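Visitor:
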Amino acid sequence: MAKETPVRIALPEREHGPLRAILLRIVVALLCIVATAMIVYFERDGYRDLDRRVDSLLDAFYYATVTLSTTGYGDITPDSPAARLTNIIVITPLRFLFLIVLVGTTIEVLTERSRQQFRYARWRRRVKKHTVVIGYGMKGRSAVKALLDQGAKAESIVVVDQNGTMVKAATGDGCVGVVGDARREEVLRQASVATAERVIVAADRDDTSVLVTLTARRLSPRATIVAAAKEEQNIGVLRQGGADVVIPTAESAGRLLGLSTIAPHAGEVLEDLLEPVAGLQISERDVRPEDVGLAPARLTAQGEIVLTVIRRGVAHRFDSGGVKVFQPGDRIVVIRATDAARAQQAADAERQEQGRRGRRDRSAPRGVEPRRGPSRYRGDDSDEPDAQDESGLADPDGEYESEATEPDGRAARRSRRASPRDDEG
0 MAKETPVRIA LPEREHGPLR AILLRIVVAL LCIVATAMIV YFERDGYRDL DRRVDSLLDA
60 FYYATVTLST TGYGDITPDS PAARLTNIIV ITPLRFLFLI VLVGTTIEVL TERSRQQFRY
120 ARWRRRVKKH TVVIGYGMKG RSAVKALLDQ GAKAESIVVV DQNGTMVKAA TGDGCVGVVG
180 DARREEVLRQ ASVATAERVI VAADRDDTSV LVTLTARRLS PRATIVAAAK EEQNIGVLRQ
240 GGADVVIPTA ESAGRLLGLS TIAPHAGEVL EDLLEPVAGL QISERDVRPE DVGLAPARLT
300 AQGEIVLTVI RRGVAHRFDS GGVKVFQPGD RIVVIRATDA ARAQQAADAE RQEQGRRGRR
360 DRSAPRGVEP RRGPSRYRGD DSDEPDAQDE SGLADPDGEY ESEATEPDGR AARRSRRASP
420 RDDEG
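Okay, structure coming up:
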């Protein structure tokens, strides 16, 4: 009989390197020794070494080492009341700190299991409506990344894998990890599949996917199970085993390759949809209250193309004609731009608008502001009174020319006064 892999729960946490922890403990221990030795040396007149006084720094360090390690040879002892009081108030707490540092590793090992059990029990009480991902290979990683891109919280994702390295990578991404064989019911129970909302089966083998799907469906009848299949012939088996959606990974990749060869632009659109950050994305959401009563085509003006409307559990495609207007409780599957693409479009539009304003400002004549309001010339369709020139005088006959007509832009205005020769005529 094959040896079963032990089940282990790995919760995400911030870890420090072992070298840093060891160096920190060594530094604390040395500081305790140095502090004790300095205290003894400065109060050396109050200490006696058998038949002589403590008179060297070496004696002080010797006493500090023997005292803090609780060896206690008794050759050097505090003799004066001040030295004894210092031992009680200062050196005794340093001894406790030194002992804690020395046995800190042992204490940490003994308490780590209790701490992990406490954290796991608290997690089991709180976890519900989470997502369980079986396998953290390429498919599992991509599935988790897609969930995170859609706004899912990393702590609401539980990754199950037999490889401890993969589980460690999952916990490094903020997910909860379970080390164990997902084909065993005990492992799925440890991952709280019974209270999960979604189960993603991304195993490397189709037979493993079938067995995991059967077990997960038995433990969680209401969860949405999505499974990956390498071979098309196993799609039906996975559906019969309880999978709601089956993704033929190899077949889908092959179709995409063929389509991209025949219709490159169609392949680019599909690649754009699969890109998680930029471009377009397929999303599913509830119909908003302001959408109720609108035709699906009306959402195009809002930047969304409706592909399917789900009403009372039945999917109506856009070409079926079964949905005229949205109703409360409907869900829709739409194609829309990603948030990053929308932000980029808004930035591009702002830059274009600034460029147009800059070109208009450069094309205007220097020293002349654009005319605003009613015209100053008679004959315009305006109910305003006759405009005045800059001096405040009216121009009833419209005989003055605009300063813009002066070739050199001067502000002087010329009047068409009749010359004496004209008067004689």
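Residues in the sequence shown are numbered from 0 upward in steps of one, following numbering that gives the first Met the number 0. For every residue, glycine included, the Cβ atom is placed at its ideal position computed from N, Cα and C. All of these numbers come straight from a predicted model, not from anything done at the bench.
Compute the Euclidean distance between the alpha carbons of Gln280 and Ser251, then round it to the nearest angstrom.
Guide: 18 Å
Visitor: Let's test the definition: count the other Cβ atoms within 10 Å of the Cβ of His129 and tell me whether it reaches 16, buried, or not, exposed.
Guide: buried
Visitor: Three-state secondary structure (DSSP) at Val322?
Guide: Val322 falls in the coil class under three-state DSSP.
Visitor: Along the chain, where does the beta strand (DSSP E) containing Pro247 start, and where does it finish?
Guide: Segment 244–247, the beta strand (DSSP E) holding Pro247.
Visitor: Let me know the alpha helix (DSSP H) ranges lying completely inside the region 72–150, each 4 residues or longer, listed in chain order.
Guide: Taking only runs of at least 4 residues, the alpha helix (DSSP H) segments lying wholly in the region 72–150 are 80–85, 91–101, 103–125, 137–148.
Visitor: Can you round the beta-carbon distance between Ile75 and Val53 to whole angstroms, since I take them to be within the 8 Å contact cut?
Guide: Going by Cβ atoms, the distance from Ile75 to Val53 rounds to 6 Å, so yes, they are a contact pair.
Visitor: Three or more C-beta pairs under 8 Å: does that hold for the region 208–215 against the region 140–154?
Guide: no
Visitor: Over the uninterrupted alpha helix (DSSP H) stretch that includes Gly357, give me the two end residues.
Guide: 338–362
Visitor: Whole-angstrom Cβ separation of Val158 and Ala169, contact assumed at under 8 Å?
Guide: 4 Å
Visitor: How would you write the range of the beta strand (DSSP E) that Gly176 sits in, first residue to last?
Guide: For Gly176, the uninterrupted beta strand (DSSP E) segment begins and ends at 175–178.
Visitor: Pull up the CB-CB distance for Ile309 and Arg330, whole angstroms please, since I reckon it's below 8 Å.
Guide: 4 Å
Visitor: Please go through the same chain and pick out, in chain order, the residues whose beta-carbon is closer than 7 Å to the beta-carbon of Thr426, but skip the five residues on each side of it.
Guide: With the chain covering only 0 through 424, there is no way to say anything about residue 426.
Visitor: With DSSP as the reference, label Arg19 as helix, strand or coil.
Guide: helix
Visitor: Below 7 Å CB to CB, which residues in the same chain sit around Glu67 once its five sequence neighbours on both sides are set aside?
Guide: Note that residue 67 is Leu in the sequence shown, not Glu. Excluding sequence positions up to five before and after Leu67, its CB lies within less than 7 Å of the CB of Cys31, Ile32, Thr35, Leu93, Arg94, Phe97, all in the same chain and listed in chain order.
Visitor: Would you say Val211 reaches chain C, if we count a Cβ-Cβ gap shorter than 8 Å as a contact?
Guide: The chain labelled as chain C is not found in the depicted structure, where only one protein chain is given.
Visitor: From Glu184 to Ala190, what does the alpha carbon distance come to, in whole angstroms?
Guide: Going from the Cα of Glu184 to the Cα of Ala190 covers about 10 Å.
Visitor: Report the residue from Ala226, Ser219, Pro220 whose alpha carbon sits nearest the alpha carbon of Arg204.
Guide: Ala226
Visitor: Out of Asp58, Tyr61, Gly103, which has the shortest C-alpha to C-alpha gap to Leu23?
Guide: Gly103
Visitor: Hey, quick one: how far does the alpha helix (DSSP H) through Ala296 stretch, first residue to last?
Guide: Neither: Ala296 is in no alpha helix (DSSP H) and is coded neither H nor E.
Visitor: Rounded to the nearest angstrom, what separates Gly241 and Ile224 at their Cα positions?
Guide: 7 Å
Visitor: Nearest to Ser319 by alpha carbon, out of Ala342, Asp338, Pro295?
Guide: Pro295
Visitor: Using only alpha-carbon positions, find the residue among Ile199, Pro263, Glu230, His264 that is nearest to Ala249.
Guide: Relative to the Cα of Ala249, the nearest Cα in the group Ile199, Pro263, Glu230, His264 belongs to Glu230.
Visitor: Considering only the alpha carbon of each residue, which of Glu267, Ser79, Ala265, Val332 lies closest to Phe317?
Guide: Val332
Visitor: Would you say Gly139 touches the ligand NAP, meaning its beta carbon is less than 7 Å from a heavy atom?
Guide: Absence of the ligand NAP from the depicted structure is noted, as is the absence of any ligand whatsoever, leaving it without description.
Visitor: Should Val186 go down as buried or exposed, given a rule of 16 or more other Cβ atoms within 10 Å for buried?
Guide: With 16 or more other CB atoms across the displayed protein chains lying within 10 angstroms of its CB, Val186 is buried.
Visitor: Alpha carbon to alpha carbon, how far is Ser381 from Gln351?
Guide: Since pLDDT at Ser381 reaches only 44, below the 50 mark, its modelled position is unreliable, and the value read off the structure follows with that caveat. Rounded to the nearest angstrom, the two C-alpha atoms are 34 Å apart.
Visitor: Since I believe Ile199 is in contact with Ile133 (beta carbons under 8 Å), could you give me their beta-carbon distance rounded to a whole number of angstroms?
Guide: 7 Å
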